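Written as structure tokens, this is what we have:
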């Protein structure tokens, strides 16, 4: 309203002239091209395939090779880039994103049109002079006097502080305690822990109201001299400067975001003096260099009179979304106008939301290609005979293999080709943002090798024999599931195991395999008794080169490329698009035939690529979220995050899961970093999947991997699980209560020596619902219930992330014997399988899985990641123990209650006199159980303890060594001895043996005493054995 009033009153004519700058500001002329020299050293001297991905800050990137040969330092690249940018981001990568040297984006500052840097493998530092290659480990660092300078362009420092930590240790807030002409100063003494060479930090506003830079940054403590280190930080700049002279304080545009079709929100580092509404010197151009007329400029409220770093530029006419635009002003940098904000507008959604089918829609007689690309100025269809694009395909009656498509409604481009196009490969040529990119169809249902070409596919031909009769696995309630998390390659890559198809989908079809008499492969899964196999990402991902499978490369697969196609490296032939599809279906059918449901781990929250992803090539800026400076927001922690709240992103996710359920008979989905998705999208996913398969289970991680611009109230966070429609979230509460914090290696949990964790464990046992008997003030993480039903909670102690439970116990309990650690391990999984909620097992946990201490084995070798089937042989008694726990759970619904009301009515915690002991009872034949009273006792102490129960007469069905529904022993009295590091399950003797009391005879008689009638009953009853 204030804006309208100002416009209607007619603002004083404004003329922009540059405001006198502070002593730090240097006016510079923008170069039209820059020269960058990059020196790169690898300690192993293997440079094959390593290259650079470089982009002007705020613009698209491009690959560059190390083109200057080798010197005594390593490889060198000399780049000449046509750009006026003064800062360039870069990543050192292997081939086409198989790996990165450093995960985070780094930046190069340009001065006088050039820059030269040196990089060392695995070292995040960007050196501006040649560093030493001495590999001698640095000595243990002593105390360091660290001086940190911080400058904000707006000079408003109130509330800003630093959060600092040493890697692997807790962090703490630090308040700036000085100032100088540059800005604020923090003087702090750092005493590095053993082996620590850097300190992490975030600059935040108050208690996390905002962050200056979203990503974690680190200060290299080895650069200290004589126990002193001084660094400089600048608002919005991710770099850590060790020299004041390296800082470019020239005026810059920080951001220019198109918020509506005719207005751009602009932020600058240095305020601009506003004198006239016609901004003299402010220039807006399209990609052809044509100047776009500016109507007027509106200045935000609350700025100093006549000056602003925040203003809105209104254009004379609406801007064309099929174009790209740049903004500049004399003395400032050139900045590209970002469209991401306008994509969030209701007007855009109303204009371009499309509800029809997209992709290559196949029939034997014709194929219709449809692509949603509303910002494209033209789209062509490129046809190929093979998946590597070496030979083109010209359809009958067409002049070329490149055919122009026609723009239809809602920004959709379409082309129909007659004839049978089965197994023809294709891409799209999309002209958008001033250039043409070749992109793979996001709706591709089949692809060639490495996913570089989509393929038209007759999916009916890929169905295996009996596929029409294949059925989803029935699941009445989420809590009836026992989830088993497994990587396709891990399952069968052990060279000691005799799989015909190691590391492949087809390994799941191999029955009757044994190793030294122990069942392995799918027979092991059947023997264990799990209900659902949760497969780590099996869609097509980027990191494995499918043309070099002989290298046995490994990756978890959390770098999505083609969401609707199986990964090719798990097939026997990645070159022919139909093979991976038919073999994936054979795997699903084999598991279904064994009575095991299939859950897919899906990663719709981010993509493996960012500015060069197919999403970015087709509709730049639409599919992702961005920060205030126009950079990719990084809530995933890996460089980008998908904007699920936008109509066409939501449609893509829903269409994708529906495709997997219909075409591949998938029984459920686990959503990676689910909190990056909005609640509405997740509920639409649930509704769409459930309409096809009512038994499907959906769950995910109720947290993010970083800060996201999506408001918390809209996120599918664990604290918002009540807003989700029977979608479950992982409970980090019970996970860390059992074994200790996953990011603090030496932190202990209940089973391995932690203290004061009883209330946290109890909170996990009841699946985070509100019930009696828990002191929520003592719960370590959540101080109140957040689940409204146990069906909403995934109960677990370990997963593919972080240390395996066995490796964690080796670190937290180095002086314990193997037998003691095994007891802790058994107890941990017994807690999981007897608690309320949905139990989740990490593959191999049933034989003490180890990864040799590797806490992030996403790209480690098979030797680290494979299921070691010889451990199954060695520890088969543990597999039997776990199988017994599953039998107990599956046969006794008291462990699988579905409502909070049931838990409140039937589960009660018992008073215990000993620390590190938790006990509870489930009574009243809970949830229809044939057992009346079940008592669960846990002792995490190093010695046995005794517990006295109110009633006598018990049957032990689980102890520290055996588990199941069969009697281990009878206990006639009330006193129970619980062994060290063990869990016990006891059943009241009467209901275990099927004894009840039956009324068989009632008689009565009347006596008159003093005129008062008294009627007496004689009741006879007898015991009856079932």
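Numbering (the numbering used here), first residue to last: 1 to 1026.
Heads up, the beta-carbon is just placed ideally off N, CA and C, and yes, glycines get one too.
Since the structure is predicted, the reported quantities are computational estimates derived from the model, not experimental observations.
Does DSSP classify residue i as helix, strand or coil?
i	result
residue 517	coil
residue 550	helix
residue 664	helix
residue 909	strand
residue 806	helix
residue 49	coil
residue 783	coil
residue 976	strand
residue 904	helix
residue 882	helix
residue 121	coil
residue 524	helix
residue 791	helix
residue 54	strand
residue 989	helix
residue 298	strand
residue 373	coil
residue 629	coil
Who are the near neighbours of residue i in its chain, counting only those whose CB is closer than 7 Å to its CB and skipping five residues on each side?
i	result
residue 206	159
residue 1050	Residue 1050 lies beyond the range of the chain shown here (1 to 1026); nothing can be said about it.
residue 80	33 and 35
residue 942	980
residue 802	742 and 855
Nearest by alpha-carbon distance to residue i: which of the options is it?
i	options	result
residue 807	697, 894 and 852	852
residue 784	733, 751, 809 and 402	733
residue 432	441, 762 and 379	379
residue 467	377, 593 and 449	593
residue 637	979, 337, 704 and 617	704
residue 441	775, 910, 614 and 956	614
residue 764	251, 880 and 731	731
residue 429	664, 413, 417 and 421	413
residue 533	596, 621, 586 and 475	596
residue 362	416, 700, 990 and 611	416
residue 478	236, 897 and 683	897
residue 850	831, 840, 821 and 266	821
residue 437	525, 619, 195 and 410	619
State the CB to CB distance for the pair residue i and residue j, rounded to an integer number of angstroms; the pair is presumed to be in contact (CB under 8 Å).
i	j	result
residue 833	residue 889	6 Å
residue 741	residue 800	Contact flag wrong, Cβ pair sits at about 18 Å.
residue 931	residue 892	6 Å
residue 312	residue 348	About 18 Å separates the two Cβ atoms, so there is no contact after all.
residue 591	residue 602	So it is not a contact: roughly 18 Å between Cβ atoms.
residue 337	residue 446	Rounded, the Cβ-Cβ distance is 37 Å, inconsistent with contact.
residue 859	residue 99	6 Å
residue 672	residue 605	6 Å
residue 113	residue 227	Contact doesn't hold; Cβ gap of about 38 Å is too wide.
residue 367	residue 421	4 Å
residue 982	residue 959	6 Å
residue 92	residue 119	6 Å
residue 448	residue 387	1 Å
Within the same chain, show all residues whose beta-carbon is closer than 6 Å to that of residue i, passing over the 5 residues directly before and after it, in chain order.
i	result
residue 393	383, 384, 385, 401 and 424
residue 948	974 and 975
residue 204	163 and 211
residue 778	759
residue 709	625 and 633
residue 1037	Here the chain has residues from 1 to 1026 only, and residue 1037 is not among them.
residue 580	566, 568 and 571
Please go through the same chain and pick out, in chain order, the residues whose beta-carbon is closer than 8 Å to the beta-carbon of residue i, but skip the five residues on each side of it.
i	result
residue 886	482, 528, 529, 530 and 833
residue 1073	Here the chain covers residues 1 to 1026 and nothing more, so residue 1073 does not appear.
### Task
Quick one: which unbroken beta strand (DSSP E) runs of 3-plus residues sit fully inside the stretch 663 to 715? Chain order, please.
668 to 671 and 697 to 700
### Query
Which runs of the beta strand (DSSP E), 3 residues or longer, sit entirely within the stretch 214 to 257?
217 to 220 and 228 to 234
### Task
Give, in chain order, every unbroken run of the alpha helix (DSSP H) that is at least 4 residues long and sits entirely within the stretch 428 to 509.
488 to 492
### Task
Let me know the beta strand (DSSP E) ranges lying completely inside the stretch 99 to 173, each 3 residues or longer, listed in chain order.
106 to 109, 114 to 120, 144 to 151 and 160 to 165
### Task
Write down every uninterrupted run of the alpha helix (DSSP H) in the stretch 705 to 766 whose length is 4 residues or greater and which is fully enclosed by it, in chain order.
732 to 739 and 758 to 765
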